[in-house]
Amino acid sequence: MTSASIAFPTPVGAPHFAYRNGTLYAEDVAITGLVEQLGSPLYVYSRAALRAAYEAYRSAIGTRNVLVCYGMKANSNLAVLKEFARMGSGFDIVSAGELRRVLAAGGDPAKVVFSGVGKTAAEMRAGLEAGVMCFNVESLPELLRLSEVAHEMGQRAPVSLRVNPDVDPGTHPYISTGLKENKFGIAIDQAVAAYRTAAALPGIRVVGVDYHIGSQITELSPFLDALDKLLDLADELKAANIHLEHLDLGGGLGIRYDKETTVPAATLIDALFERIEARGYGDRKVVFEPGRSLAGNAGILVTRVEYLKTTEVKNFAIVDAAMNDLIRPTLYDAYHGVLPVSPRDEASRKWDVVGPICESGDWLARDRRIALREGDLLALESAGAYGMVMASNYNTRPRAAEVMVDGDKAYVIRPRETVDELFASESVLP
Ligand SMILES: Cc1ncc(COP(=O)(O)O)c(C=O)c1O
Ligand SMILES: N[C@@H](CCCC[NH3+])C(=O)O
Numbered sequence: 001m002t003s004a005s006i007a008f009p010t011p012v013g014a015p016h017f018a019y020r021n022g023t024l025y026a027e028d029v030a031i032t033g034l035v036e037q038l039g040s041p042l043y044v045y046s047r048a049a050l051r052a053a054y055e056a057y058r059s060a061i062g063t064r065n066v067l068v069c070y071g072m073k074a075n076s077n078l079a080v081l082k083e084f085a086r087m088g089s090g091f092d093i094v095s096a097g098e099l100r101r102v103l104a105a106g107g108d109p110a111k112v113v114f115s116g117v118g119k120t121a122a123e124m125r126a127g128l129e130a131g132v133m134c135f136n137v138e139s140l141p142e143l144l145r146l147s148e149v150a151h152e153m154g155q156r157a158p159v160s161l162r163v164n165p166d167v168d169p170g171t172h173p174y175i176s177t178g179l180k181e182n183k184f185g186i187a188i189d190q191a192v193a194a195y196r197t198a199a200a201l202p203g204i205r206v207v208g209v210d211y212h213i214g215s216q217i218t219e220l221s222p223f224l225d226a227l228d229k230l231l232d233l234a235d236e237l238k239a240a241n242i243h244l245e246h247l248d249l250g251g252g253l254g255i256r257y258d259k260e261t262t263v264p265a266a267t268l269i270d271a272l273f274e275r276i277e278a279r280g281y282g283d284r285k286v287v288f289e290p291g292r293s294l295a296g297n298a299g300i301l302v303t304r305v306e307y308l309k310t311t312e313v314k315n316f317a318i319v320d321a322a323m324n325d326l327i328r329p330t331l332y333d334a335y336h337g338v339l340p341v342s343p344r345d346e347a348s349r350k351w352d353v354v355g356p357i358c359e360s361g362d363w364l365a366r367d368r369r370i371a372l373r374e375g376d377l378l379a380l381e382s383a384g385a386y387g388m389v390m391a392s393n394y395n396t397r398p399r400a401a402e403v404m405v406d407g408d409k410a411y412v413i414r415p416r417e418t419v420d421e422l423f424a425s426e427s428v429l430p
């Protein structure tokens, strides 16, 4: 089936995903064997890849006073969280549900920042009870409500105001968050006034400042432009006698999906610290909230070709994964590499890889040249972040299983949902 003449591509997640003896492996486990046991579609993560991504941050940080708070919305499987908690990571959360997950995975609430534009009073109470490090507050009404909630509990909530620096991150509009027209943060030119309000509230203790300008950012300049604005604000706050213990510079670092060049974590961190130190804030703790750059290239989505269908204008490879399993392609026009799990030494042609869902938007990849037969397995690359977490049950499709590979072992970290489970909480009216 395979021969020496096949040029095996280098997976984006290499060396943790690689071809051996003509077939794709995650670490030391053959993907074919995993699918035999667990079926498809199947999310496969590499524990070593998660560790390597975190280590890239850790070695770049060195002895600097930095807390990495994993942006867990990227991949919140408990096993993934536990891995980050074990390595000392904190967590950036956006809901009480995510807080529950951090606690269940053994994460330290004192290393949690609570982000999000719409925290409810119940979520605020949950955060205060758990003792989170900081609430990143995104509006004045939220600030007032948090003060009330904390005051009622006899506490002062530790707060950073999330400011909106109006910087274009040069990414997809749906994942830009630091532009004036985005719903996030307090406009930076209103921030000093907001801080004065915060400092006077009985249930608030100002501890820091925060921004997050967007996701999948592949250039350095937006990060530096945002930092310059933040440091100008810090100067103004200093003049107003408002002390910042920490600067939270958000997440957003992009990863390679295709051929894009990305900014290494070390380059970003060195460049940011050069400015922070030059402006006299080298003694402040810095918080980062990376999500995608920690998990994105640590996972793949494996799917089986059910049917090959050729038409006058297109060739469709109809697979058993769909937009409900991986929504990024159709939602953001995002590119995910497609690897044949066991490449064939046969004539290739261009295929659109599509799912079984009743929407023309149900596509995973377009115009990919592959030699394919029905029954073949494909791997969608870079699916470790914003993959399974965004999965739905559309078309009453149970969500895929997730497996974590560690060397030559594989652990099912979430079994495939059953259709029975999908009915469990629904009632039929008499
Ligand atoms: C507040 C906040 N922090 C961190 C992240 C993680 O971002 P990324 O996965 O791009 O690193 C996000 C998502 O974009 C976010 O909204
Ligand atoms: N879900 C987005 C990223 C969202 C970032 C959240 N602030 C993606 O897949 O690219």
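According to full-length UniProt numbering, the sequence shown is numbered sequentially starting from 1.
Each residue gets a CB set at the ideal place from its N, CA and C atoms; glycine is no exception.
May I ask you to report which of helix, strand or coil DSSP gives residue i?
i	result
Met323	coil
Leu331	helix
Arg20	strand
Met390	helix
Tyr174	helix
Val29	strand
Ala200	helix
Ala14	coil
Ile6	coil
Ser353	The amino acid at residue 353 is misidentified as Ser; the sequence shows Val. If DSSP states are grouped into helix, strand and coil, Val353 belongs with the strands.
Leu380	strand
Ala187	strand
Asp367	strand
Ala317	strand
Glu306	strand
Glu36	helix
Glu421	helix
Pro430	coil
Arg162	strand
Ala400	coil
Ala298	helix
Arg414	strand
Val192	helix
Ala385	coil
Ala157	strand
Counting C-beta neighbours from all protein chains within 10 Å, is the total for residue i 16 or more, i.e. buried, or is it exposed?
i	result
Pro141	exposed
Arg86	exposed
Cys134	buried
Gly375	exposed
Thr418	exposed
Met1	Caution applies to Met1, whose pLDDT of 46 falls short of 50 and renders its modelled position unreliable; the value that the coordinates give is listed next. Its Cβ having fewer than 16 others within 10 Å, Met1 is exposed.
Thr267	exposed
His16	buried
Phe423	exposed
Asp270	exposed
Glu346	exposed
Pro11	buried
Ala187	exposed
Quick check: the Cα distance between residue i and residue j, rounded to an integer number of angstroms?
i	j	result
Ile61	Tyr54	11 angstroms
Ala322	Ser342	21 angstroms
Ala198	Asp168	28 angstroms
Ala48	Ala26	10 angstroms
Ser139	Phe114	14 angstroms
Asp108	Glu98	13 angstroms
Glu152	Ala200	16 angstroms
Phe273	Ala410	39 angstroms
Ser46	Leu294	12 angstroms
Val389	Ala383	10 angstroms
Arg125	Ala150	7 angstroms
Glu260	Met404	27 angstroms
Tyr307	Leu372	10 angstroms
Pro415	Glu402	6 angstroms
Asp92	Glu312	49 angstroms
Ile217	Leu50	20 angstroms
Asn393	Ile357	11 angstroms
Tyr211	Gly291	15 angstroms
Lys111	Ala157	15 angstroms
Tyr174	Leu331	9 angstroms
Leu244	Val68	18 angstroms
Arg101	Gly170	32 angstroms
Thr262	Gly252	11 angstroms
Val209	Ala105	27 angstroms
Answer with yes or no whether the minimum CB distance from residue i to chain B is below 8 angstroms.
i	result
Lys183	Given the protein chain composition of this structure (a single chain), no chain B is represented.
What residues are listed by DSSP as bridge partners for residue i?
i	result
Tyr45	Gly299, Met404
Item to complete: Could you pull out every unbroken beta strand (DSSP E) segment of at least 3 residues lying fully inside the stretch 266-295, listed in chain order?
Response: 285-288
Worksheet item: In the stretch 51-93, which residue ranges form an unbroken alpha helix (DSSP H) of at least 4 residues, counting only runs that do not cross its ends?
Response: 78-86
Worksheet entry | Secondary structure, alpha helix (DSSP H): runs of 4+ residues fully inside the stretch 88-154 | 96-104, 121-130, 140-152
Item to complete: Would you mind listing the beta strand (DSSP E) stretches within the stretch 195-254 that are 3+ residues and don't spill past its ends, in chain order?
Response: 204-210, 246-248
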